[in-house]
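The numbers in the sequence shown follow the numbering used here, run straight up by one, and end at 742.
For each residue, glycine too, the CB sits at the ideal point set by N, CA and C.
Quantities reported herein were computed from a predicted structural model and do not represent experimental measurements.
Just below is one structure, and these are the notes that go with it.
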Amino acid sequence: MPPGRQERQRRRKITLACEPCRERKARCDGGKPICSTCQRRSLALEHCVYTVNNARTACSDDYTKTLHERIRKLEQACTSHGIDINTLEVTAQDAHGSAADNVSSTAQLPSPYSSVGVDGSSEARRVTAMGTILAEDDLEDSPNNLAEPDFYGSSSAVAFLKEAYSAMNSAPARVQSSNPFRSQQALPSLSTPSSLYADFDKFLLPPRPFADYLLQLYFQRVHYLYPVFHRPAFERAYESLWQPAAAASEAGETDFRGVGLGCSPGADATTIVFHSALNSIFALACNFADLTCAEKAKSIEVFLLRSRKCLSVDLLEKNNLGVVQTLLLCGLVFQGTPFPDRCWNAVGIACRIAQGLGLHMDVVAEEGGFTLEMDVRQRTWQVCVILDTLVSMTFGRPTVTSNLSANELLSRSHSGADQSPEQPKLEFITQSFKLSLILENILSQVYQAWRNRYPAQRASCGTRGGGGGGGIGGLSFDAIVELDSKLTDFEDLVPPLLSWGGESEASVLDGVSSPDDLRILATQKHVLHARFLYLRLMLHRPILTDLSAEYARPHRDTASGRPSSEAASRSRDKGLRAPFLTECARACVDAAMQLIDLVQGSYQTDTTGAWWWNSLYACAAGLVLIVCRLCPRLWTGLDHTATSASWEQCQGILQGIAAFSVSARKSLDLLRKIDGAVTQLQAAREPSGQQMDPEMNCASGLEESWSLPADIDVSLLLEPDPMSFFRGWDVMGYETLNS
C-alpha cells in the first residue's frame, strides 16, 4: 500500500476544525497555533482560528488571537537579536528532560519532605524534628553517621532507639548519637559553581581601604570583649576575598577545621554565613569609626541591611558553629538599634543552635590535649551565656541557658590558642563568663521574671521570694547576702591585668608592650568594672524601690481613710531588719554613684565600651539617685553634695550621648521630669527648710496637695524591670530603617 494512502487512513478525528478548513470542507488536523492545511496554503496565523461551538471545546477565539500575537512578538524579538527560532524547541526539550530528572531525584526523599523546596532540601537530616530516626542504618555508629555534628541527649527518642538497638545486639549502649567535637569534614558540599554566587548582591564589599579600617577597628574595640570566633581563621578567609581564585585556593585551610567562621564546611569566605558575619562586623565597627553622625548612621544602615539580607530561615537548616557565631554578632549589632526584638531573637536562636551542637556540655580534654576546635567551641558557648544573661537582664525575661552554664569552667592554661600574646587578652572572656553566672543567679533568685506578668499577681505570689530568711516583698535576705558575697569574692579574685584594685598598673602590665594591647586591656577592665557595679546595683535595687514605695505611697487608716504615719511605722520592723534594709539601699546608691563616675571618666575615650551600655548605665544609676530621695531614712544618711554632683555627671553623660541618640535624649528628658517631681515633693514636705523626720511618711498630710505628673507612672519605677521605658537605643538616622 502506498505510504500516502496509509497515512490518510491513520489520520485521527478531531473535535474542532479551524474556520478556513470548515469553509473549504477540508480536513483539519487541529494543530495549534496553525494547522497543517493552513500551513500548506501559506495562511497567516491570524487566519487559522478556532471558534467555540459547544461546551466541550477548550479553545477561545480571542484567547488564541492573543497567543498568536504574543508568539509573533517573541519571534520577532528573537530574530532581531540573532537567535535561531528553530533551536528553541530543542532547548525546551532539554530543559524538560532535566526537570524530569530533578523530579525523579526529589521523589526518592521520604514523602513528608518531598514537597519542601528549600535549596535542594538543604542538608536532609537523618533525624526528624520529633527526634526519631528515619532509617535503621542510622542506629549504628557507622563512619557515615559519625560525621553528623548534631547532639541528641539522653531524653531524645534517638538515644532511646540506640539504647534499645544496642541492647538487642548485645553491645554497650551508646546514649549520645554524636561527639559534639567531631569534625564535620565528611559533610558534602552542596554548592555548585553555577549557583554559588547566584545572589551576588549579598556578597557586596566596601572599598578595600575602608573595609580594612573597619575590620581593624573591630578587633581593637569589640572582638576581645566577645571573642566569638578564631581571629587567624577569619582573617585568612577575609584576605581570600581580595585574592584571585587560584591564589585563594592555594592558600588552603588545612590548619583551621571546625572553628566556625573562616573555615569549611559551611562558613568559609564563599558562604552567606561568612558575609553576614562580615557585614555585622562592619556595622559594629562603624559605631567607633571616625565619622560624622550622619555618615555613621548611613554606614551602619547599609551594613545592617546587607547582613539582614543574608539572614533567612535557611540558616536554621545550616547547623554549624559558624551560624551560631554569626547570630551572636547580629545580636551585638541589634543592641545598638531601635529593634529590640531582633536582638532578643538573634541571641535566643544562637543559643538554641549552640545547644543543638552540644556546646553546653562538659568537655574533658582528650589524649591529644585541648585542641583549637575545643577552645573555640568553649569561647562560643561562653559568649552565648554572656549575651543571653545580658539581654535577659535588660528585657526582664527568662534566660535560655539557665541551669546549663553552671558547670565548672575549663582550665585555659593548656590551650594552644591562648599562648602569648593572645592569652592576656582572652582572659577577659573567662571573667565575664563568671560574672554572667552570678547575674544568672540574681535574675533567678531576685527578679524571677517568669512567675507572673502583671504587678498585682507578682505581689500576691511573692515573686522574688525564695527559701526563707526573711525579706521584703517576698525577697529573701539570705539570697541577698549570699549573692553580695559572691560579687565581693569575684572582685577579690579578678586577675591583676583586669583588676580595678590598688595594685600599680605598671607592675601588672610588664610584658605587654604593644599600645594596641594596652588599649584593649584598659577597655576590658572598664567594661568588666562597669558590669560588676551594675550587677551590684541590680542586686540591691528591689530593696531600694520597695523601701521608697513604703514612703511614697500613702498608708491609710482603715477607720478614717486618711494617711497614717503610724501605719507606715508599723510596716517597718524594729531590730536588725530596718538597718539591714537601709544598708542594702545604701549599697545600691553607692554602686550607682561609682558607676556614674566610672562612665564619666571613660565614655568619651577610646577605652570605653559600646555607647548603648553607657546610656543604660547612666539611666539606671540616675534613676537610683532620684528614687533614693523618696526614702527619708536613707536620704538623711547620704552625702547630699556628692549625690547632687553625681546626678549632674549623669545628666552630662546623657547629654553627650543625646547628640547622636534619640533614645538617650528622651531618657534624659524623662529623668529630669521625674527629678523635678521629686524635688517638688521634698519642698512640700519641708516648707520651712527644716530637717525632715525620717520616720515621717512622705505622703502624710499631702493627700490632695501633691502628685506626680499624669504622664509619669511611678509604678514603672518600682517594677522588677523599670528599664522598660529606656529600651530601644537608636542612633540619629535609624528612623529610616523600617524594613
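Q.
In whole angstroms, give me the CA-to-CA distance for residue 667 and residue 652.
A. Residue numbering aside, residue 667 sits at position 664 when the sequence shown is read from its first letter. Residue numbering aside, residue 652 sits at position 649 when the sequence shown is read from its first letter. Roughly 14 Å separates the two Cα atoms.
Q) Shortest alpha-carbon distance to residue 239 belongs to which of 69, 265 and 659? A) Start at 1 with the first residue of the sequence shown, and residue 239 comes out as number 236. Relative to the Cα of residue 239, the nearest Cα in the group 69, 265 and 659 belongs to 265.
Q.
If you follow the alpha helix (DSSP H) that residue 638 is in, where does it begin and where does it stop?
A. Translated into positions along the sequence shown, residue 638 becomes position 635. Its alpha helix (DSSP H) spans residues 635-638.
Q. According to the neighbour-count rule (16 or more other Cβ atoms, all chains shown, within 10 Å of its Cβ), is residue 499 buried or exposed?
A. Position 496 of the sequence shown holds residue 499. Exposed is the call here.
Q. How would you write the range of the alpha helix (DSSP H) that residue 591 sits in, first residue to last?
A. Along the sequence shown, read from residue 1 onward, the residue named residue 591 stands at position 588. Boundaries of the alpha helix (DSSP H) harbouring residue 591: 580-605, taken from the DSSP string.
(Q) Quick check on this structure: which residue in 398, 389 and 451 has the alpha carbon closest to the alpha carbon of residue 440? (A) One-based indexing of the sequence shown puts residue 440 at position 437. Check the Cα spacing between residue 440 and each of 398, 389 and 451: the tightest is with 389.
Q | DSSP beta-bridge partners of residue 502 | A | Numbered from 1 along the sequence shown, position 499 holds the residue referred to as residue 502. Beta-bridge pairing links residue 502 to no other residue.
Q | Straight-line Cα distance separating residue 43 from residue 33 | A | For the purposes of this step, residue 33 is taken as residue 30 along the sequence shown, with counting starting at 1. For the purposes of this step, residue 43 is taken as residue 40 along the sequence shown, with counting starting at 1. So the alpha carbons of these two residues sit roughly 14 Å apart.
Q: Could you pull out every residue in the same chain whose Cβ sits closer than 8 Å to the Cβ of residue 501, ignoring the five residues on either side in sequence?
A: Position 498 of the sequence shown, counted from the start, is the residue given in the question as residue 501. 430, 431, 434, 524, 527, 528 and 531, listed in sequence order.
Q: Give the DSSP-derived three-state secondary structure of residue 641 in the structure shown.
A: The residue given as residue 641 occupies position 638 in the sequence shown. DSSP places residue 641 in coil when its eight states are reduced to three.
Q: Reducing DSSP to helix, strand and coil, say where residue 517 ends up.
A: The residue given as residue 517 occupies position 514 in the sequence shown. Under the three-state reduction of DSSP output, residue 517 falls in the coil class, being neither helix nor strand.
Q: Assuming residue 591 and residue 540 form a contact by the criterion Cβ under 8 Å, report the distance between their Cβ atoms to the nearest whole angstrom.
A: Along the sequence shown, read from residue 1 onward, the residue named residue 591 stands at position 588. Along the sequence shown, read from residue 1 onward, the residue named residue 540 stands at position 537. That belief holds up - the Cβ atoms of residue 591 and residue 540 are roughly 6 Å apart, short of 8 Å.
Q: Have a look at 581, 451, 598 and 612 and flag the residue whose alpha-carbon is nearest the alpha-carbon of residue 482.
A: Mapped onto the sequence shown, residue 482 falls at position 479. If we check each option's Cα against that of residue 482, 451 comes out closest.
Q | Neighbourhood of residue 210 by C-beta distance below 8 Å, restricted to the same chain and skipping five residues each side | A | The residue labelled residue 210 in the question sits at position 207 within the sequence shown. Nothing meets the Cβ criterion.
Q) Should the segment 327-343 be called in touch with the segment 278-291, which here means at least 3 C-beta pairs below 8 Å? A) Flag = yes, the segment 327-343 and the segment 278-291 touch.
Q: Inspect the CB distances between the segment 287-307 and the segment 622-635 and report whether three or more fall short of 8 Å.
A: no
Q: Under 8 Å Cβ to Cβ from residue 589, same chain only, skipping five residues before and after it: list those, please.
A: Counted from its first residue, the sequence shown places residue 589 at position 586. Excluding residues within five positions, the ones whose Cβ falls inside 8 Å are 637, 640 and 641.
Q: Look up residue 545 in the DSSP assignment and say whether it is helix, strand or coil.
A: As a working mapping, residue 545 is identified with position 542 in the sequence shown. Of the three classes helix, strand and coil, the one that applies to residue 545 here is helix, per DSSP.
Q: Give the range of the alpha helix (DSSP H) segment to which residue 3 is assigned.
A: Absent from the structure is residue 3, since the part of the chain shown begins at 4 and ends at 742.
Q. Is residue 296 buried or exposed, if buried means 16 or more other CB atoms sit within 10 Å of its CB?
A. Translated into the one-based positions of the sequence shown, residue 296 becomes position 293. Exposed: under 16 other Cβ atoms inside 10 Å.
Q | Boundaries (first-last residue) of the alpha helix (DSSP H) holding residue 620 | A | The residue labelled residue 620 in the question sits at position 617 within the sequence shown. Here the alpha helix (DSSP H) through residue 620 covers 614-630.
Q: Please report how far the alpha carbon of residue 351 lies from the alpha carbon of residue 403, in whole angstroms.
A: The residue given as residue 351 occupies position 348 in the sequence shown. The residue given as residue 403 occupies position 400 in the sequence shown. Across the structure, residue 351 and residue 403 are spaced so that their CA atoms are roughly 7 Å apart.
Q) Exposed or buried, residue 118, counting other C-beta atoms within 10 Å across all chains shown (16 or more means buried)? A) Start at 1 with the first residue of the sequence shown, and residue 118 comes out as number 115. With a pLDDT of 35 at residue 118, under the threshold of 50, the modelled position of this residue cannot be trusted; read the value that follows with caution. So residue 118 ends up on the exposed side.
(Q) Need the endpoints of the alpha helix (DSSP H) that residue 315 sits in, please. (A) On the sequence shown, residue 315 is found 312 positions in, with the first residue counted as 1. It is not in any alpha helix (DSSP H) - residue 315 carries neither H nor E in the DSSP assignment.
**Q.** With 16 other Cβ atoms within 10 Å as the buried cut-off, status of residue 315
**A.** Taking the first residue of the sequence shown as position 1, residue 315 is located at position 312. It is exposed - the Cβ of residue 315 has fewer than 16 other Cβ atoms within 10 Å.
**Q.** residue 655 to residue 278 span [Cα, whole Å]
**A.** Your numbering for residue 655 matches position 652 in the sequence shown. Your numbering for residue 278 matches position 275 in the sequence shown. Their Cα atoms are separated by approximately 39 Å.
Q) Taking the alpha-carbon positions, what's the residue 237 to residue 69 distance? A) Within the sequence shown, residue 237 is the residue found at index 234, counting from 1. Within the sequence shown, residue 69 is the residue found at index 66, counting from 1. Answer to the nearest angstrom: the Cα atoms are 57 Å apart.
Q.
Going by beta-carbon coordinates alone, are residue 263 and residue 325 separated by less than 8 Å?
A. Stepping through the sequence shown from its first residue, residue 263 is reached at position 260. Stepping through the sequence shown from its first residue, residue 325 is reached at position 322. Contact annotation: residue 263 and residue 325 have beta-carbon atoms nearer than 8 Å.
Q: With a threshold of 16 other CB atoms inside 10 Å of the CB of residue 191, please say whether the residue is buried or exposed.
A: As a position in the sequence shown, residue 191 is number 188, starting the count at 1. Here the model assigns residue 191 a pLDDT of 40, short of 50, so the residue's position is not dependable, and the following value carries that caveat. Residue 191 comes out exposed.
Q. Between the beta-carbon of residue 275 and the beta-carbon of residue 333, is there less than 8 Å?
A. Within the sequence shown, the letter at position 272 stands for residue 275. Within the sequence shown, the letter at position 330 stands for residue 333. No, Cβ-Cβ distance for residue 275 and residue 333 is not below 8 Å.
Q: Starting from residue 337, trace the alpha helix (DSSP H) both ways and give me its first and last residue.
A: Taking the sequence shown and counting its residues from 1, one reaches residue 337 at position 334. Taken as a continuous stretch (DSSP letters only), the alpha helix (DSSP H) holding residue 337 covers 324-337.
(Q) Given this structure, state the Cα-to-Cα distance separating residue 364 from residue 376, to the nearest angstrom. (A) Walking along the sequence shown from the start, residue 364 turns up at place 361. Walking along the sequence shown from the start, residue 376 turns up at place 373. Going by the C-alpha atoms only, they are around 14 Å apart.
**Q.** Start and end residues, alpha helix (DSSP H) containing residue 227
**A.** Mapped onto the sequence shown, residue 227 falls at position 224. No alpha helix (DSSP H) holds residue 227; DSSP gives it neither H nor E.
Q. Apart from the five residues just before and just after residue 519, which ones in its own chain have a Cβ nearer than 8 Å to its Cβ?
A. Looking up residue 519 in the sequence shown gives position 516. Excluding residues within five positions, the ones whose Cβ falls inside 8 Å are 223.
Q) For residue 233, does the three-state DSSP call read helix, strand or coil? A) Taking the sequence shown and counting its residues from 1, one reaches residue 233 at position 230. Three-state result, residue 233: coil.
**Q.** Reduced DSSP category for residue 29 - H, G, I as helix; E, B as strand; rest coil
**A.** The residue labelled residue 29 in the question sits at position 26 within the sequence shown. Here residue 29 sits in coil by DSSP.
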